[in-house]
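Participant:
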Amino acid sequence: MIQIQRWKIIVVALLCVWGVLYALPSFMPRAVVDQLPRWLHADRINLGLDLQGGSHLLLEVDTRAVKVDRLQNLVDDVRVTFRNQRLNYTDLGVDGDAVSVRLRDLNDREKVGTALRGIDPAATVVVSPEGVARLTYTEKAWEDRFTAAIQQSLEIVRRRIDETGTREPTIVRHGKDRILVQLPGVDDPERIKRLLGTTAKMSFHLVDIRASQADIEAGRAPAGSMIVENDRAAPDGRRERLAVLRRVAVSGENLTDSQPTFNNGEPVVSFRFDAIGARKFAEVTTENTNKPFAILLDNRVISAPNIREPILGGSGIITGGFTVQSANELALLLRAGALPAPLKVLEERTVGPDLGSDSIRAGTVAIIIGYALIALLMVVGYGLFGIFANVTLILNIAFTIAIMAGLGATLTLPGLAGMVLGLAMSVDANVLIYERMREEERLGRSPFPAVDVSFQRAYVTIVDSNLTTLIAALFLYALGSGPVRGFAVTLGIGIACSMLTAVTVTRMLVVGWLKWAKPKQLPI
Amino acid sequence: MFRPVRLLSKVPKVDYFRFHKLCFALSVALCLISVVSIAVRGLNYGVDFAGGVLIEVRTPGAPDLAKMRADIGALNLGDVVLQDFGGSNDVLIRIERQTGGEDAEMAAVLKVRETLAKTLGGNVEYRRVEVVGPKVGGELIQDGILAVTFSLTGIMAYMAFRFGWRAGTAGVVAILHDCLTTVGLFSVTGLQFDLNVLAAVVTIAGISINDTVVIDDRIRENARKFKRMDFRELINLSVNQTMARTVVTNGLVFLATFALVLFGGPVLFGFSFAMLWGVIAGTYSTIYVAAPLEWYLSNRGKAHAKELQAEAGST
Chain X
1 MIQIQRWKII VVALLCVWGV LYALPSFMPR AVVDQLPRWL HADRINLGLD LQGGSHLLLE
61 VDTRAVKVDR LQNLVDDVRV TFRNQRLNYT DLGVDGDAVS VRLRDLNDRE KVGTALRGID
121 PAATVVVSPE GVARLTYTEK AWEDRFTAAI QQSLEIVRRR IDETGTREPT IVRHGKDRIL
181 VQLPGVDDPE RIKRLLGTTA KMSFHLVDIR ASQADIEAGR APAGSMIVEN DRAAPDGRRE
241 RLAVLRRVAV SGENLTDSQP TFNNGEPVVS FRFDAIGARK FAEVTTENTN KPFAILLDNR
301 VISAPNIREP ILGGSGIITG GFTVQSANEL ALLLRAGALP APLKVLEERT VGPDLGSDSI
361 RAGTVAIIIG YALIALLMVV GYGLFGIFAN VTLILNIAFT IAIMAGLGAT LTLPGLAGMV
421 LGLAMSVDAN VLIYERMREE ERLGRSPFPA VDVSFQRAYV TIVDSNLTTL IAALFLYALG
481 SGPVRGFAVT LGIGIACSML TAVTVTRMLV VGWLKWAKPK QLPI
Chain Z
525 MFRPVRLLSK VPKVDYFRFH KLCFALSVAL CLISVVSIAV RGLNYGVDFA GGVLIEVRTP
585 GAPDLAKMRA DIGALNLGDV VLQDFGGSND VLIRIERQTG GEDAEMAAVL KVRETLAKTL
645 GGNVEYRRVE VVGPKVGGEL IQDGILAVTF SLTGIMAYMA FRFGWRAGTA GVVAILHDCL
705 TTVGLFSVTG LQFDLNVLAA VVTIAGISIN DTVVIDDRIR ENARKFKRMD FRELINLSVN
765 QTMARTVVTN GLVFLATFAL VLFGGPVLFG FSFAMLWGVI AGTYSTIYVA APLEWYLSNR
825 GKAHAKELQA EAGST
């Protein structure tokens, strides 16, 4: 006689009830779920973007630009320091991953070492006996800088996307220098790509009035100035050029707010500085009244007005032939802040909501038909025990979905494939048990011992085959990317559940029935 | 209640070794064809692996493919393939990998959108846009190969631990046979090989190994029961005893997969098609590749007999 302890039956029954209740919300429309009583309010399963529609963007932070940017700043700092300390030098510039400078007077070596070390404590300074000083960073120091840049980019990307009002975006760091952005429901990501593709470094510069028009056309900038192009091209494709001072009068980092608004019926962008920015802006505008200045965005001129009067309040407007949309976008970018480095879109996958629902419909129909076929044939092949098997198959689906929903895992198309394989393994477990029963009965065993032996023997096989597949799923999860992982998750969960449903639950159903019906022969 | 149908009323007595040399030849031939085809013809990689752009649009009216082809062709984006899904208004546009890297590919999408907006008006529905830069494509291949290699090693280690190294080796050779011929099939037919198909290849490995484990398990059980039985006979007996299960399980999976091919829609087609072949190959390879190979690896059963003797001697 096989005994199954009562507490085990109760535990398994409770588990099954939990599984079904927890899985149910995933099959119901959201509106219905919201009306359910609180205790029934389970999480719904997350559908991947390939099933529900949406846009997936993989961005890369350009760490090389972080490096170039840092080295260029270092050059500027060195120039200022040397000037302040009246040190004579030549050949100041970026040399590979370092900033190098040659001293005119070898006696300055020690003084220079101290001065350079004062610029950035994180940098390594080497002064050669020939009088060449080099500033470099260790690998570790660069890594720290990159990490900081990526963290900051993540924050800026999040702010920019939040500003667009996208529902439930997922923005996470991915690998070393990447950012993964998932936007459910977005089927035209062009606007967001444009927003993310702009670094949005804003700066205010004075226009260099020493430069002649001929110099500007020839691209010759006076010392301390640079030639910049206008952001908007003329109808013939040419861009107006301007010479501005290299020195930043006020930086966009000092902006606290920016809004799109209208001035004389024209869309403009208003801005407000923080205390430091306001003071600097007041100084510059007071000293340079009636001179032109330029507002640069990513080193392109977006506006170059004359300073009519000192601006003391720390706020102003940018006019520059904006459309309502471009004014909106610029204000958004300025509010959200500048990216520390340009972002590059490495991968885009956008699925329209219709295709998503089409493929989920086709997939669901196919799986239901496949499942109905299996269910039917299990009954044809194993009669009552086939019905038991079908109960456990339904439980298996319920458990898989309940666990996925509980873990917050995402169901994707390859994930559905993993579920199918998990179901196949579950069917196989039942078939192994039932075929074994037939064999044992053929050997002349009566029902109870036959069932007992069959479960014991089949159990070994099932554990072996499930563990083998589980090992494969683990490796796929650990090493695979996106879709392969989705497959591994559902497969792993499906197999784990099948150990409970196809073995334990089937056993309880079969043994329970045997005790109740006391058959002379197995109905199989 | 009615009497359940039994496909096999008694344990069959088939000698699976009778044709095993022929089957070895067939398997080797299939694998060779696959290798040669993959080497010569290569694979029709999808955007996932090859990089490039894939756009699926639904046009307001019946699409004029020739005109669309000319319009998009005029953009100078290199190799452009347009394909319709017969009867529907959906058109699949595939643009080859751009030489300018990721930025050039994003620009290409923008150009196509602009062109279609101009020629077809604003009512074009973008059902799917996939842009995969060269960097990501390369990584996907690398990750995929790495993941599959390690899972196969893991499977081999577990099988070696449970059933001995010969079963482990034979099992993995069978999996490799199934995976290789599946990939080969995609190379020969020129069907698109994308991430979903890779998922199918892994699924096939799962089904194949499951089959092999079931039979190996029975061999182990029988070896304890019939200590003097010749290894070849033992394998035959085990395959025969589990034949009912093999027919039922694999038959059911085959039917379910067939439903997927028929009703799963175009997105799932590659996956389902690969699976269909995989179920057949997986069933065949367990019986005609793994089992006889294990016999050869045990030096035609001699090693097996020796082990049994040693075991008997020590107890």
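In the order they appear, the protein sequences are chains X and Z. The numbering of the first sequence is the numbering used here, which starts it at 1 and goes up by one. The numbering of the second sequence is the numbering used here, which starts it at 525 and goes up by one. Glycine included, every Cβ here is placed at the ideal spot set by N, Cα and C. Since we're looking at a predicted model, the values are computed, not measured.
Does the Cβ of Val560 (chain Z) have 16 or more other Cβ atoms within 10 Å, making it buried, or fewer, making it exposed?
Facilitator: When all chains shown are included, Val560 (chain Z) counts as exposed.
Participant: If you pair each beta-carbon of the region 625-640 of chain Z with each one of the region 597-605 of chain Z, do three or more pairs fall below 8 angstroms?
Facilitator: In short, these stretches touch, since the Cβ pair count reaches three.
Participant: Give the DSSP-derived three-state secondary structure of Glu130 (chain X) in the structure shown.
Facilitator: The answer is coil: DSSP assigns Glu130 (chain X) none of H, G, I, E or B.
Participant: Taking C-beta to C-beta, are Gly185 (chain X) and Arg158 (chain X) nearer than 8 angstroms?
Facilitator: Not a contact, by the Cβ cut-off of 8 angstroms.
Participant: Excluding the 5 residues flanking Ile360 (chain X) on each side, which residues of the same chain have their C-beta closer than 8 angstroms to its C-beta?
Facilitator: Within the same chain, Ile360 (chain X) has close Cβ partners Leu47, Leu51, Gln52.
Participant: Could you check whether the Cβ of Leu832 (chain Z) sits closer than 8 angstroms to any Cβ belonging to chain X?
Facilitator: Answer no: the Cβ-Cβ gap between Leu832 (chain Z) and chain X never drops below 8 angstroms.
Participant: Determine which residues share a DSSP beta bridge with Asn823 (chain Z) and list them.
Facilitator: BP columns for Asn823 (chain Z) are empty, so no partner.
Participant: Three or more C-beta pairs closer than 8 angstroms, one from the region 666-676 of chain Z and one from the region 370-379 of chain X: is that the case here?
Facilitator: The region 666-676 of chain Z is not in contact with the region 370-379 of chain X.
Participant: Three or more C-beta pairs under 8 angstroms: does that hold for the region 398-416 of chain X against the region 445-452 of chain X?
Facilitator: Short answer: they don't touch.
Participant: Does Ile524 (chain X) get closer than 8 angstroms to chain Z when you measure Cβ to Cβ?
Facilitator: True, the Cβ-Cβ gap to chain Z drops below 8 angstroms.
Participant: To test your reading of the DSSP string, which unbroken beta strand (DSSP E) runs of 3 or more residues are found completely within the region 456-516 of chain X?
Facilitator: Counting whole runs of 3 or more residues, the region 456-516 of chain X contains no beta strand (DSSP E) stretch at all.
Participant: At the level of alpha carbons, what is the spacing between Arg690 (chain Z) and Leu183 (chain X)?
Facilitator: Near 50 angstroms, if we compare the C-alpha coordinates of Leu183 (chain X) and Arg690 (chain Z).
Participant: So the beta strand (DSSP E) Gly678 (chain Z) belongs to, where does it begin and stop?
Facilitator: Not the beta strand (DSSP E): Gly678 (chain Z) falls in the alpha helix (DSSP H), residues 658-687.
Participant: Hey, could you find the ends of the alpha helix (DSSP H) Glu217 (chain X) is sitting in?
Facilitator: That run of the alpha helix (DSSP H) goes 213-218.
Participant: What three-state label does DSSP hand Met753 (chain Z) in the structure shown?
Facilitator: It is coil, neither helix nor strand.
Participant: Going by alpha carbons, who is nearest to Thr781 (chain Z) out of X:Ile368, X:Pro353, X:Leu242, X:Asn264?
Facilitator: Checked all of X:Ile368, X:Pro353, X:Leu242, X:Asn264; the closest Cα to Thr781 (chain Z) is X:Ile368.
Participant: Thinking C-alpha only, which one of Z:Val571, Z:Val725, Z:Leu644, Z:Glu663 is nearest Ile619 (chain Z)?
Facilitator: Residue Z:Val571 is the option with its Cα nearest to Ile619 (chain Z).
Participant: Residue range of the beta strand (DSSP E) that Val581 (chain Z) falls in?
Facilitator: Counting along the chain, the beta strand (DSSP E) containing Val581 (chain Z) begins and ends at 576-582.
Participant: When the Cβ atoms of the region 165-180 of chain X are set against those of the region 57-73 of chain X, are three or more pairs found closer than 8 angstroms?
Facilitator: Flag = yes, the region 165-180 of chain X and the region 57-73 of chain X touch.
Participant: Mind pulling the chain X residues with CB within less than 7 angstroms of Arg769 (chain Z)?
Facilitator: In chain order: Val431, Leu432, Glu435.
Participant: Please say whether Arg335 (chain X) and Asp231 (chain X) have beta carbons closer to each other than 8 angstroms?
Facilitator: Not closer than 8 angstroms, so no.
Participant: Looking at the secondary structure, which residues open and close the alpha helix (DSSP H) in which Ala594 (chain Z) lies?
Facilitator: Here the alpha helix (DSSP H) through Ala594 (chain Z) covers 589-597.
Participant: DSSP state of Glu649 (chain Z), grouped into three classes?
Facilitator: Of the three classes helix, strand and coil, the one that applies to Glu649 (chain Z) here is strand, per DSSP.
Participant: Between the region 213-222 of chain X and the region 306-316 of chain X, do at least 3 Cβ pairs fall closer than 8 angstroms?
Facilitator: Not touching, per the Cβ criterion.
Participant: For the beta strand (DSSP E) containing Pro267 (chain X), name the first residue and the last one.
Facilitator: From DSSP, the beta strand (DSSP E) with Pro267 (chain X) extends over 266-273.
Participant: Step through the CB atoms of chain X and report whether any lies within less than 8 angstroms of the CB of Thr693 (chain Z).
Facilitator: Not an interface residue.
Participant: Can you tell which of Z:Ala805, Z:Leu821, Z:Tyr820 has its C-alpha closest to the C-alpha of Leu550 (chain Z)?
Facilitator: With distances taken between Cα atoms, Leu550 (chain Z) lies closest to Z:Ala805.
Participant: Is it buried or exposed for Met28 (chain X), if we count other Cβ within 10 angstroms and need 16 for buried?
Facilitator: Per the 10 Å Cβ criterion, exposed.
Participant: From Asp257 (chain X) to Arg272 (chain X), what does the alpha carbon distance come to, in whole angstroms?
Facilitator: Cα to Cα, Asp257 (chain X) sits roughly 5 angstroms from Arg272 (chain X).
Participant: Between Glu229 (chain X) and Phe82 (chain X), what straight-line distance do the alpha-carbon atoms span, to the nearest angstrom?
Facilitator: Approximately 31 angstroms between the Cα atoms of the pair.
Participant: Please report the straight-line C-alpha distance between Gly356 (chain X) and Thr364 (chain X), rounded to a whole angstrom.
Facilitator: Rounded to whole angstroms, Gly356 (chain X) to Thr364 (chain X) spans 12 angstroms at the Cα level.
Participant: Would you mind giving the Cβ-Cβ distance between Ala424 (chain X) and Val777 (chain Z), rounded to the nearest angstrom? I have them listed as a contact below 8 angstroms.
Facilitator: Sure, about 5 angstroms apart at Cβ, within 8 angstroms.
Participant: Check whether the region 321-338 of chain X touches the region 272-290 of chain X, taking contact to mean three or more Cβ pairs, one atom from each stretch, closer than 8 angstroms.
Facilitator: Judged by Cβ distances under 8 angstroms, the region 321-338 of chain X makes no contact with the region 272-290 of chain X, as fewer than three pairs qualify.
Participant: Is Ser498 (chain X) close to chain Z, meaning its C-beta is less than 8 angstroms from at least one C-beta of that chain?
Facilitator: No, Ser498 (chain X) lies away from the interface with chain Z (no Cβ there is under 8 angstroms from its Cβ).
Participant: Taking the alpha carbon of Val345 (chain X) as the reference point, which residue from X:Val75, X:Glu163, X:Ser303, X:Ile179 has its own alpha carbon closest?
Facilitator: Comparing Cα-Cα distances from Val345 (chain X) to each of X:Val75, X:Glu163, X:Ser303, X:Ile179, the minimum goes to X:Ile179.
Participant: Could you name the residues of chain Z that Ser359 (chain X) contacts, counting a contact when the two beta carbons are closer than 8 angstroms?
Facilitator: Under the 8 angstroms cutoff, chain Z gives Gly789, Val791, Leu792.
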